[in-house]
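What follows is a single structure, written as structure tokens, with notes after it.
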Amino acid sequence: MDKNTQTEIFFGPNHPGVPGNYGINYQFEGDTVTSARANAGHLHRGFEKLMEERIWIKNTALVPRICVEEPDINEMVYAMGFEAIGEIEVPRRADYIRSIILELARIQGHIFSIGGNAAGIGQYTVMHWGTLTRDYLLDIFEEITGARVYHIYIRPGGVRQDIEAETFAKILDLMDELENERFPDLEKALFENPNAQKRWQGKAVITKEEAIEMGATGPVLRANGVPHDLRKMMPYAAYDDVEFEVPTGKNGDAWDRIKIARDDMLQSIKIIRQLINKIPDGPVQADLGNGLKYRIPKGDAYVKIESKRGEYGYYMVSDGSLKPYRVHVRGASTPLGLYGVREFLPGTRIADVPVWAKSLGICPPEFDR
Amino acid sequence: MIDLIYKIGHFLLITIFTMALGLLFMGIARKIVARIQKRYGPPIYQPYLDVLKLFGKNAITHGFIFDFGAVMALGGVITTLFFIPLGSWQLYSMEGTVLLIIYLLAVASLGMAMGTVGSGNPQASVGISRALTQMLGYELPYLVILFALIFRYQTSSIWGLMQAQAGSFLNWNLFAYPLMALVAFVVLIGMMGKKPFDAMIAPSEIGSGPVVESGGKYLGMLLLQKSITIIIELALYVNLFLGGADNIFSFSFKMLIVWVLATMFGSLFPRFRIEDGVKFFWKWPLGIAILQALYIII
Amino acid sequence: MRNEKDLLQLMNAHFNPLKLEIKREQNVSLEFEKEELIQALSFLKSHSYKHLSTISCVDWLEEGEFELVYHLFSYTDLINISLKTRIEREPGIFQTAKEIWPVAEFYERDIHDFFGVKFKGNDNLEELILENWQEIPPMRKDFDTRKFVNDKFEWRDYNGQKHTD
Amino acid sequence: MNNNFVKGSWQEILDWAQNKSINMLHYCTGCGAIELPPTMTSRYDMSRFGIGPAATPRQADLLLVTGYLSTKTLRRLVYTYEQMQAPKFVVGFGSCTINGGMYWDSYNTIKQLDKYLPVEMYIAGCMPRPEAILDGLLKLKKMIADGEADGYQRYEENKDFYHQNQEAVLGEVQRTQ
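Chains as they are written, first to last, in our numbering: chain A, 1 to 369; chain B, 370 to 667; chain C, 668 to 832; chain D, 833 to 1009.
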């Protein structure tokens, strides 16, 4: 970096345009970024060490705090890892309820990221509407699980408690309200807005080969027309009983990714309706004995599910004792947040750095853990 | 001597009135934007509290250039107040010509530019370079319009242009040349730096641009400068296209209408990137302005 | 479209894995000698296993070994394969997989941060997540986090009684 | 920084103005920051009390420490705090700033915020709800109006106590003045 033509900006941890507590130090010349480096680690709490100190059931309270935008994904993967090693059969109704919770979390996550992307380019009205819509979903979560964001609801072996009939009715009403009132507003304000299209089209392009080479999945891959979705490829919970399409884009830019987020939400609404209509009766928690003495045989397993940003996986190792021996968290945006910044950010304009960071869904607590 | 004291008193009255009106307009704008975003928003007198609080806070200076920049920005803008007829009040506005106003506005933004460069923060210099490029963008169509008007009414003094539109509201320039008024409205949004042309103070890209290093009383001064700039640009628009006014209240009312329209228009559009903004200015507004000018000349 | 068994036969034919195991449907795990792993990785990458999910490291303190686990996935076979190998704890050196997957450089830096495993060929192994950390790498089993917190930080005492005892 | 905080009627006017218009620094240090957008936007609308986000430390008066603090964030937080101009206030969010909360035995997070920065007030909750945040901020406004919120003076007076604790955890810390 020669001093006279290039200056350095700390697009630092304390900056309205950056997604979360995470910094990008980039050098720029004129108006274009020449080189960039990820400044991660601000959110490191040593989750994996803490999990080794706590018995199995205690970790269910610790686990959702890893990624704040989508806590239920962590609970689900932790439960699936426990069941995979212990070969535990989860009752069918619990599978259905888990899928409903995951789809509600996906809608909530997508609306929040659409609002965040809109704020990145100055469209604050859509941010306000998006966060308002998300709050209605948090009310549903509060009704089911008692908490707004961290639900601690999906546990190894099933879910904490059943969902009553009128909560299902409320969910269905909310789905109708989302589809007929909330989304058309967002559609007119953002997706039919020529400015927004100009700001996002052709920006932060990640091609198919680059994404696969880097290990990036989810909207980043699907924006290039590749319908890879773990809910279809490796069905888990109740996803094998529902039909839905996997939305894809064409040229892998920020505009396609944000349209995929919108189409994902519409598919999630369809899934939730099918799940609620076909939900079987039965228990919601497999009988695993006293929670404080959960114990599974020695073994290891890598389990992964489709979060809103892509593949989210845990590698869990148990040595047969009361506590997990090792849990390794693979966040969905790890390759992009660390490697992608150095490889793909150079060349973009300064005005597009927040568009780049937010449209790729970089969620720093995932790789800081 | 008495005349001098009268002039100074009149000048102080105008400056304070303009600042109060500008801050009131900014409060109204925040309320409108809040309502569009389905929330209550701060009370209308919030900007007054902001300015009072800001002058109460400590502030760190980054050297003489930084201080002088803020003072020059505020001073430059206040001097332009002399030459703008605000309804019935006119200090020296007999002699105020349109070109003088454009020049003095440039002085104010150059002052701010000098201040931000003094602050040494790279984000501030990126912000101010954007502000100046955007000025380049909207100055071109604006000058074409002004020359057309001057050619049409054979006078370049604002007072003259305003008198030319006297009589019934039918011969306001808004109805005489609607296209030109429309172009001037878009340019007005660019001049005031409202969305979608607020790339220079983009918080999510460069941390609120030029004012990134100024806190406390510097931010207070820049807020006052912004409020006076808003009033000047609105007054210019009302004088040229809405036929000015005989008393100050109807003048402020007309300014309020234009301001509310500009706020509503802006709150639904995301921010242009700076070169898209300049390209936009040079494509549609410039084209229409030239068309209108030709129409007048022939 | 191979299923799990064909995959195991394929691997058996080209390498001599120590252990082959079908863990669950669409999940397979193999264990290799230290030297053979990198060739197995590039072999699999050329056979449609293009997606490297992540590299995990497990610290088996009693056996005095680190276990490195490479998780791959194929978009055509739809099978998850975990390649494991064991390296001695003390020197803790292993070759880098940077040439096969450039992104592995950051996974290795992460493992170096937390376990102290050095990867030959990966030149920038400086701190990624932690900041000027002096003790032994924190994720090792012999690092006691509660003792460390006791010395470095101070818990709030509620009139004489610490909230943790 | 002039240290003569004269308690006169002028100061009361400034305190009154300060509590009516607070600029909150938009720095989400921990996981509690996910409850800030609902508080700032349409449903709970913090701006009707005159509290709005500020982009940079220079323009901010309120520093929200939303949740746990890793040592890396603490260093940047101390720099941010010292860049802010008096009168400035710090509000601790959630149980992680009070006693380490869920990460009480984590090797990388600090356990008590008020050993490093002067804290006006804590809002309890493992991520407090938007209603709790608004309630806390209203109490803060009352404290400012009564002139009790003098964290920045406490920071000036026992500067070495705070600097020692910071250096104990962070090693060497650059000082601005």
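By construction, the Cβ of each residue, glycine as well, lies at the ideal position given by its N, Cα and C atoms.
Given the structure is predicted, the values throughout are model-derived calculations rather than measurements.
Any chain D beta carbon closer than 8 Å to residue i
{"i": "Thr-131/A", "result": "yes"}
{"i": "Ser-583/B", "result": "yes"}
{"i": "Ala-389/B", "result": "no"}
{"i": "Tyr-150/A", "result": "yes"}
7 Å Cβ shell around residue i - same chain, five flanking residues per side excluded
{"i": "Tyr-954/D", "result": "Gly-924, Thr-929, Ile-930"}
{"i": "Ala-571/B", "result": "Gly-578, Arg-640"}
{"i": "Val-355/A", "result": "Gly-120, Ile-121, Arg-199, Trp-200, Lys-203, Ala-204, Ala-254"}
{"i": "Gly-489/B", "result": "His-431"}
{"i": "Pro-654/B", "result": "Pro-510, Val-552, Val-555, Val-556"}
Cutoff 8 Å: residue i Cβ touching any chain C Cβ
{"i": "Ala-40/A", "result": "yes"}
{"i": "Asp-951/D", "result": "Reading off the sequence, residue 951/D comes out as Val, not Asp. Cβ-Cβ to chain C under 8 Å: no for Val-951/D."}
{"i": "Glu-53/A", "result": "yes"}
Neighbour flag for residue i against chain A, beta carbons, 8 Å
{"i": "Met-806/C", "result": "yes"}
{"i": "Asn-747/C", "result": "yes"}
{"i": "His-718/C", "result": "yes"}
{"i": "Val-495/B", "result": "yes"}
Own chain, CB closer than 6 Å to residue i, minus 5 neighbours either side, in chain order
{"i": "Asn-834/D", "result": "With a pLDDT of only 46 at Asn-834/D, under 50, the local geometry of the prediction cannot be trusted, and the value read off the model is given with reservation. Nothing meets the Cβ criterion."}
{"i": "Met-624/B", "result": "Leu-603, Val-607"}
{"i": "Cys-863/D", "result": "Gly-899"}
Beta strand (DSSP E) segment containing residue i, residue limits
{"i": "Trp-541/B", "result": "Per DSSP, Trp-541/B belongs to no beta strand (DSSP E) and is neither H nor E."}
{"i": "His-995/D", "result": "Where His-995/D is concerned, there is no enclosing beta strand (DSSP E), although the alpha helix (DSSP H) it sits in stretches over 991 to 1002."}
{"i": "Val-736/C", "result": "732 to 740"}
{"i": "Phe-641/B", "result": "Unbroken run through Phe-641/B: none, as it is neither H nor E."}
Residue i: first and last residue of the uninterrupted alpha helix (DSSP H) it sits in
{"i": "Arg-199/A", "result": "194 to 200"}
{"i": "Gln-108/A", "result": "92 to 120"}
{"i": "Thr-217/A", "result": "From DSSP, Thr-217/A is part of no alpha helix (DSSP H); its letter is neither H nor E."}
{"i": "Asn-931/D", "result": "926 to 931"}
{"i": "Gly-496/B", "result": "491 to 522"}
{"i": "Tyr-587/B", "result": "585 to 610"}
{"i": "Phe-28/A", "result": "Where Phe-28/A is concerned, there is no enclosing alpha helix (DSSP H), although the beta strand (DSSP E) it sits in stretches over 23 to 29."}
Cβ neighbour criterion (16 or more within 10 Å) applied to residue i
{"i": "Ser-321/A", "result": "exposed"}
{"i": "Phe-761/C", "result": "buried"}
{"i": "Glu-700/C", "result": "exposed"}
{"i": "Ile-9/A", "result": "buried"}
{"i": "Ile-678/B", "result": "Only positions 370 to 667 of chain B appear in the structure, and residue 678/B is not among them; the question remains open."}
{"i": "Ile-845/D", "result": "exposed"}
Three-state secondary structure (DSSP) of residue i
{"i": "Ala-238/A", "result": "coil"}
{"i": "Phe-682/C", "result": "coil"}
{"i": "Lys-787/C", "result": "strand"}
{"i": "Arg-262/A", "result": "helix"}
{"i": "Pro-769/C", "result": "coil"}
{"i": "Gln-801/C", "result": "coil"}
{"i": "His-379/B", "result": "helix"}
{"i": "Tyr-825/C", "result": "strand"}
{"i": "Thr-133/A", "result": "helix"}
{"i": "Gln-161/A", "result": "coil"}
{"i": "Asp-173/A", "result": "helix"}
{"i": "Pro-885/D", "result": "strand"}
{"i": "Lys-304/A", "result": "strand"}
{"i": "Arg-369/A", "result": "coil"}
{"i": "His-151/A", "result": "coil"}
Neighbourhood of residue i by C-beta, 8 Å cutoff - its chain only, sequence neighbours within 5 removed
{"i": "Lys-298/A", "result": "Ser-318, Asp-319, Gly-320"}
{"i": "His-151/A", "result": "Pro-64, Pro-71, Asp-72, Glu-75, Ile-101, Phe-141, Ile-144, Thr-145"}
{"i": "Ile-659/B", "result": "Val-513"}
{"i": "Arg-37/A", "result": "Ile-24, Asn-25, Tyr-26, Val-341, Arg-342"}
{"i": "Ile-349/B", "result": "This structure leaves residue 349/B out entirely; chain B is present only between 370 and 667."}
{"i": "Ala-631/B", "result": "Phe-554, Leu-557, Ile-558, Met-561, Lys-563"}
Cβ of residue i within 8 Å of any chain B Cβ
{"i": "Ile-144/A", "result": "no"}
{"i": "Gly-983/D", "result": "no"}
Closer than 7 Å: residue i CB and nearest the ligand PLP heavy atom
{"i": "Glu-688/C", "result": "The model on display carries no ligand, and the ligand PLP is accordingly not part of it."}
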